[in-house]
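Residue numbers (the numbering used here): 22 to 1048.
Laid out in structure tokens, this is it:
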């Protein structure tokens, strides 16, 4: 975060909107609180005890504070008012949606942590209206699922993380945003999560606990994610707290154990190593100097045996390796030979591996509780009483059915009421009690059994989605076969303990533990778990491999690790899947808000039906009480609430299995509303694999060899694919380096090229735009201009090099090939009514050539664009889109803008678009700022994602409309006195199952999920046998 040195400078900028007005309402806000206080409510008029000022906000023409309420978890804007009563202007509360941040330890980001470069990062909030929500507005919100009320705030950011010593302003920093080395994410399987109504209460239980930074919940998978300080609060304490509130929490992943292996345990882990010193005896006295720089905490003992010349060291291998010690000895003129490397066998790391055998797994949904079956059996017997005659006494058998089936429902209802909440269990309990009171025992038994069996049916129906997501998360490797560098012995250690640079063996059929490079062997690798592609990929020497993939060939591979497990491709995939599961979309929130209003209204109406009619006689009272009990059953919003999250989970699981990572249901839904797409050219529509096609020396001003040396010294510090192509060509011609050339002031010119001083002369390398700006393009010989035009017509990227005092000395052409699928994908997108644009920094001729190859119209090709031009184009498209969105009627979809790119230059445009899509082989910063990542850069997956987004949106509308229609029909029959309790519960359960199965249709075939699970099980079995 940027440093704000003046209190007059804001940290955020926020626009004025309907719910965030510019008028000061401090006086009204104060008097409203005072009125509540006068009515007997406990109100803190100052509100200072509840909220923390987190950041300054520029709210149009005045400064506000973004405040966090520690009791409610809400964010709101507050303006310090100078009124005589000393109140604060309360603009309204906000609901935080998402943030994007680049951590300093991202090794692949291409950013310098100490850089002072700043950029704008947009954070998104949803306004929460302060007006009472009327029924008409609720119905409107349910059908207008695009109404997001999004507020975008812009923060000045730099590439590095804000220093703790320089606070942005005089307000207090919220502890929720400050994390330390003890922070980790624990996972809990919470059995008693029924629907999203439990989400607020779980947050109210966990968030106030000291050391908790954040809580996110996936209702469908019943997983709770808690970010917490493991030093202040253990995962066991969190699980115990949830279980004490009858949520039945089981620990799935303990962040404390993981951090103990990575952080705490290494501090107490020591091994013994031995070195034999070589050289004269006079040198041995200097050995102590070689160990002075090492901390005593990591170096227990150092002893030297003069007779054997053996140096014995007890050291912590995490912080002091034998290589480091030998290097220090060499610097002190002491050569050494390794006799014993205590860390080589890896056993010290194995002892730190946490035992996960006791981690919770979801119980199988294959069997039904025998008590529920007995309840159903006695209910069927009780139904025979409707035959009449002597059979009528069988209605009392319904009591036995209630006795077997009701206790679990009653226990859950009791704990819910204890929390001052009202859920489905409470409704069913009251309906059963009411039916028993009316002596309609078969009806009471019907409600008991059908509701009990519905939980099992719902669990069965959603198990495929949970299994699909679990299979992805289980891709995280467990163990690795580490090769001892001295003895070549293989020792099994935790995959998380494999350090960068370590060598591991991957047998045929084994899972690759981490990202790395093949240094021995040739085999095929099954990458379907990451990319979704079933065809194995051949891997040979120096090829890159990804952790979580499987050696599907018949030959062992030896891998040199290039990343730890947490920073590997599979680690990032798992993190993104987990975050996506926990992110709730605006549609889910709207449905939940509707259910929270609908349910109390219907319950109150049912209570009135059960009580008021008794004043008109016993028969009337019994009739309307029965109808009231039916209405209570109808009040259960299960089908409505489950209709949205189950669809999102299915859609996210389906895209993840195809190698597409989407950061939450909101982005998945947004994909289905995209009507404009801006494609970056290089690496997106094209392969991004450049080759130097031609290099010409202009007017023989310098020798070709010298020209290549200048290009090499300039481009070896650049990261663009063009630079790699030039360096590869120079190497092929025998120019690997140019150490005799002194390079200074190397500067990247965004969208143009590179400049530097070489041996005191200014040198520029770049495209036509750069040389037109320098005024040197017109001075080129006509034959060079003509040649450059031919290159451009043939889709080549044209560049020049100029040296101070010599003018333009060279011209080159670098070509890239169009992706095989680009043309068909563009054609399909246009067939769906989506307009596609191509954005590139290339010249107009080269851009037009690529555009024609992929099937774009001339007006949709934008050339000679700098990064800021791409950003401005996306912003312009968004403004046009947002203007048309405001003019649309209630039932029409919004028209959103998508940006697809792969480079660091694309990151601002990706963040600015409604939906940002990054190619998986691109820069880490692009993937961090995007909403969607294509793991293997195949554009067909972008098409699949957009189609899936559209299917998800249509499915949600179908589910919501069906749920409301069923409720309306049954409610009409109930008010007409033509419905029964068993019919109401059957309808409710049936509607829930139908919307669930309708959402599940988005999942891939059951066979593909089973194959993934089989591969995981097979891999785990083989490892166990080898162990």
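Beta carbons are placed, not taken as given, at the ideal position from N, Cα and C, and that holds for glycine.
Note that the structure is predicted; figures quoted are calculated from it, not measured.
Does the Cβ of residue i have 16 or more other Cβ atoms within 10 Å, making it buried, or fewer, making it exposed?
| i | result |
| --- | --- |
| residue 814 | exposed |
| residue 188 | Unreliable positioning characterises residue 188 in this predicted model, as indicated by a pLDDT of 34, which lies under 50. The coordinate reading is nonetheless provided below. By the neighbour-count rule (16 or more Cβ atoms within 10 Å), residue 188 is not buried but exposed. |
| residue 1012 | buried |
| residue 86 | buried |
| residue 408 | exposed |
| residue 637 | exposed |
| residue 688 | buried |
| residue 692 | buried |
| residue 757 | exposed |
| residue 901 | exposed |
| residue 678 | buried |
| residue 853 | exposed |
| residue 502 | buried |
| residue 472 | buried |
| residue 738 | exposed |
| residue 316 | exposed |
| residue 358 | exposed |
Assuming residue i and residue j are in contact, meaning their beta carbons sit under 8 Å apart, how far apart are those beta carbons, in whole angstroms?
| i | j | result |
| --- | --- | --- |
| residue 415 | residue 405 | 5 Å |
| residue 402 | residue 418 | 5 Å |
| residue 957 | residue 701 | That pair is no contact at about 17 Å. |
| residue 936 | residue 695 | 6 Å |
| residue 1024 | residue 675 | 5 Å |
| residue 295 | residue 272 | Not quite, the Cβ-Cβ distance comes to about 42 Å (not below 8 Å), so this is no contact. |
| residue 918 | residue 697 | 5 Å |
| residue 651 | residue 1002 | 6 Å |
Within its chain, find whatever has a CB closer than 8 Å to the CB of residue i; leave out the 5 residues flanking it on each side and keep chain order.
| i | result |
| --- | --- |
| residue 718 | 724, 725, 728, 830, 831 |
| residue 713 | 746, 747, 749, 750, 833, 834, 835 |
| residue 314 | 349 |
| residue 443 | 437, 620, 621, 624 |
Nearest to residue i by CA position, among the options, is which residue?
| i | options | result |
| --- | --- | --- |
| residue 589 | 521, 634, 620, 656 | 521 |
| residue 312 | 330, 299, 336, 293 | 336 |
| residue 309 | 264, 355, 777, 682 | 355 |
| residue 996 | 427, 314, 516, 623 | 623 |
| residue 920 | 976, 974, 352, 861 | 861 |
| residue 961 | 681, 323, 238 | 681 |
| residue 930 | 897, 547, 916 | 897 |
| residue 212 | 238, 325, 963, 225 | 238 |
| residue 574 | 527, 568, 586 | 527 |
| residue 570 | 561, 546, 556, 578 | 546 |
| residue 347 | 389, 733, 297 | 297 |
| residue 922 | 396, 859, 243 | 859 |
Within the same chain, show all residues whose beta-carbon is closer than 6 Å to that of residue i, passing over the 5 residues directly before and after it, in chain order.
| i | result |
| --- | --- |
| residue 994 | 1000 |
| residue 641 | 634 |
| residue 399 | 418, 421, 422 |
| residue 631 | 646, 649 |
| residue 185 | For residue 185, the predicted model reports a pLDDT of 30, less than 50, meaning its position is unreliable; a value from the coordinates is still stated below. Same-chain partners within the cutoff: there are none. |
| residue 353 | 307, 310, 311 |
| residue 334 | 294, 323 |
Which same chain residues, not among the five before or five after residue i, have their C-beta less than 7 Å away from its C-beta?
| i | result |
| --- | --- |
| residue 847 | 857, 875, 876, 877 |
| residue 447 | 434, 437, 438 |
| residue 537 | 566, 580, 581, 582, 583 |
| residue 462 | 403, 416, 417, 419, 420 |
| residue 690 | 606, 608, 970, 973, 974 |
| residue 843 | 706, 875, 960 |
Less than 8 Å between the CB of residue i and some heavy atom of the ligand ZN, yes or no?
| i | result |
| --- | --- |
| residue 407 | Although the ligand ZN was asked about, the structure shown includes no ligands whatsoever. |
Check your understanding: Would you call the region 722-730 and the region 866-886 in contact, with 3 or more CB pairs under 8 Å?
Key -> Contact fails: fewer than three Cβ-Cβ distances are below 8 Å.
Item to complete: Decide yes or no for the touch test of the region 761-776 against the region 884-900: beta carbon pairs closer than 8 Å, at least 3 of them.
Response: Short answer: they touch.
Requested in this report: Tell me, please, whether the region 430-445 touches the region 204-220 by the rule of three or more beta-carbon pairs shorter than 8 Å.
Outcome: With a cut-off of 8 Å, the region 204-220 and the region 430-445 count as touching, because enough Cβ pairs lie within range.
- Task: Evaluate the contact criterion for the region 661-669 versus the region 968-988: three or more CB pairs, one atom per stretch, below 8 Å.
- Result: Remark: three or more beta-carbon pairs, one from each stretch, lie closer than 8 Å, so the region 661-669 and the region 968-988 are flagged as touching.
Please determine if the region 222-234 and the region 248-260 are in contact, where contact requires at least 3 C-beta pairs separated by less than 8 Å. Yes: the two stretches touch, three or more of their Cβ pairs being nearer than 8 Å.
Between the region 795-802 and the region 821-830, do three or more beta carbon pairs fall short of 8 Å? Yes: at least three Cβ pairs fall under 8 Å.
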